[in-house]
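Contents: one structure, followed by commentary.
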Amino acid sequence: GAGVSQSPSNKVTEKGKDVELRCDPISGHTALYWYRQRLGQGLEFLIYFQGNSAPDKSGLPSDRFSAERTGESVSTLTIQRTQQEDSAVYLCASSIDRGSNQPQHFGDGTRLSIL
Amino acid sequence: AQSVTQLGSHVSVSEGALVLLRCNYSSSVPPYLFWYVQYPNQGLQLLLKYTSAATLVKGINGFEAEFKKSETSFHLTKPSAHMSDAAEYFCAVSATFSGGYNKLIFGAGTRLAVHP
């Protein structure tokens, strides 16, 4: 497809389980971002990738959160030992490069619910 | 450091009325500014962007925004609201970091309600 694709669209899991969220950016986009959006709130930056390196991981809330990216394509965000406060929508965005005038294009997100 | 403030977490207008969503930014360098819209259960969709070419920027769905440097504002407007405009709107500024990369700093969002 032409847009950013995220999977799964919804994930319900029990507290303590690990989850893996996937993002397929727009083809050719070198920059990739992960955000968290709690219910009724704004976007919270998690991590930024340029290619397969992550110059900015400053938003990852704890060491239970990690992310990787293969080349300039798919990225996965992994949350280990999930907690109820991890419940949120996780949004992925990509942009053609890291230029400051480049807009980010967003996927529809993964809605994560921790029971 | 760059930042964005959206005044009013909720705005309610009548169908056909003017829509005005406020955004003020803080930036030590000429900013790049963006407005995004988020419909329920969807990601963010770019409405428009300001990249210094023109102070009045026209976007999709009849929205436009005016960059005012003296007021450090980038308010979003639409002359006549439609029911379909009901959504969450986010203003964002592009922030440059040492290491030569950029990321968007988002405001907290404004939820627009349109009533008949």
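Which chain is which? The protein sequence lines are A and B, in order.
Numbered according to the numbering used here, the first sequence terminates at residue 1206, and the numbering increases by one at each position without gaps.
Numbered according to the numbering used here, the second sequence terminates at residue 226, and the numbering increases by one at each position without gaps.
From the three backbone atoms N, C-alpha and C, an ideal C-beta is built for every residue, glycine too.
Do T187 of chain B and E174 of chain B have their C-beta atoms closer together than 8 Å? Position 77 of the second sequence, counting from 1, holds the residue named residue 187 of chain B. Position 64 of the second sequence, counting from 1, holds the residue named residue 174 of chain B. Their beta carbons are under 8 Å apart, which means T187 of chain B touches E174 of chain B by this criterion.
L117 of chain B versus R132 of chain B - alpha carbon distance: By one-based count along the second sequence, residue 117 of chain B stands at place 7. By one-based count along the second sequence, residue 132 of chain B stands at place 22. Cα to Cα, L117 of chain B sits roughly 6 Å from R132 of chain B.
* Contacts of R1189 of chain A in chain B (Cβ-Cβ under 8 Å) -> Counting from 1 along the first sequence, the entry for residue 1189 of chain A is found at position 98. Within chain B, the residues near R1189 of chain A are G210, Y211, N212.
A164 of chain B to Q1193 of chain A, Cα distance in whole Å? By 1-based counting over the second sequence, the position of residue 164 of chain B is 54. By 1-based counting over the first sequence, the position of residue 1193 of chain A is 102. So the alpha carbons of these two residues sit roughly 16 Å apart.
Beta-carbon neighbours of I156 of chain B, restricted to chain A and to distances below 9 Å
For the purposes of this step, residue 156 of chain B is taken as residue 46 along the second sequence, with counting starting at 1. The sequence as given places Leu at residue 156 of chain B; Ile does not occur at that position. Per Cβ cutoff of 9 Å: P1194, Q1195, H1196, F1197.
Any idea if D1154 of chain A is buried or exposed, counting beta-carbon neighbours within 10 angstroms, 16 or more meaning buried? Sequence index remark: in the first sequence, residue 1154 of chain A carries index 63 (1-based). Exposed, by the Cβ-count rule.
- prompt: Across which residues does DSSP place R221 of chain B in a beta bridge pair?
  reply: Within the second sequence, numbered from 1, the residue matching residue 221 of chain B stands at position 111. Bridge partners of R221 of chain B: B:H120, B:E198.
Identify every run of the alpha helix (DSSP H) within the region 1164-1198 of chain A, keeping only runs that are complete inside it and at least 4 residues long; order them along the chain.
none
| query | Do L1182 of chain A and V1110 of chain A have their C-beta atoms within less than 8 Å of each other? | reply | Numbered from its first residue, the first sequence carries residue 1182 of chain A at position 91. Numbered from its first residue, the first sequence carries residue 1110 of chain A at position 19. Not in contact: L1182 of chain A and V1110 of chain A (Cβ atoms no closer than 8 Å).
Of all Cβ atoms in chain A, is any one closer than 8 Å to the Cβ of K179 of chain B? Here residue 179 of chain B is taken as the residue at index 69 of the second sequence, counted from 1. No, its Cβ sits nowhere closer than 8 Å to a Cβ of chain A.
Between G1142 of chain A and G217 of chain B, which are expected to be in contact by the criterion C-beta below 8 Å, what is the C-beta distance as a whole number of angstroms? Translated into the one-based positions of the first sequence, residue 1142 of chain A becomes position 51. Translated into the one-based positions of the second sequence, residue 217 of chain B becomes position 107. Rounded, the Cβ-Cβ distance is 29 Å, inconsistent with contact.
Going by alpha carbons, who is nearest to Y199 of chain B out of B:V167, B:Y146, B:T206? Taking the second sequence and counting its residues from 1, the one referred to as residue 199 of chain B is at position 89. Considering only alpha carbons, the answer is B:Y146.
First and last residue of the beta strand (DSSP E) that includes K213 of chain B? Reading the second sequence from its first residue, position 103 is the one you call residue 213 of chain B. Counting along the chain, the beta strand (DSSP E) containing K213 of chain B begins and ends at 211-216.
**Asked** Among all the DSSP beta bridges, which residues are the ones paired with D1115 of chain A?
**Response** Residue mapping note: residue 1115 of chain A aligns to position 24 of the first sequence, counting from 1. Partner(s): A:S1096.
Would you mind reading off the limits of the beta strand (DSSP E) that contains I1205 of chain A?
Translated into the one-based positions of the first sequence, residue 1205 of chain A becomes position 114. Its beta strand (DSSP E) spans residues 1201-1205.
Review point. Rounded to the nearest angstrom, how far is the Cβ of A196 of chain B from that of V224 of chain B, given a contact under 8 Å?
Key: As a position in the second sequence, residue 196 of chain B is number 86, starting the count at 1. As a position in the second sequence, residue 224 of chain B is number 114, starting the count at 1. Correct: roughly 5 Å between the Cβ atoms.
From A:P1099, A:K1106, A:L1112, A:P1116, pick the residue whose C-alpha is nearest to that of H1196 of chain A; which is it? Taking the first sequence and counting its residues from 1, the one referred to as residue 1196 of chain A is at position 105. Of the candidates A:P1099, A:K1106, A:L1112, A:P1116, the one whose C-alpha sits nearest the C-alpha of H1196 of chain A is A:P1116.
So what does DSSP say about N134 of chain B, is it helix, strand or coil? As a working mapping, residue 134 of chain B is identified with position 24 in the second sequence. In the structure shown, N134 of chain B sits in a strand (DSSP, three-state: E or B).
Pairs of beta-carbons, one from the region 1099-1106 of chain A and one from the region 1171-1186 of chain A, closer than 8 Å: are there three or more? yes
**Asked** Residues of chain A with a CB under 8 Å from the CB of A218 of chain B: which are they?
**Response** Here residue 218 of chain B corresponds to residue number 108 of the second sequence, with the count starting at 1. Residues of chain A passing the Cβ test: Q1132, G1133.
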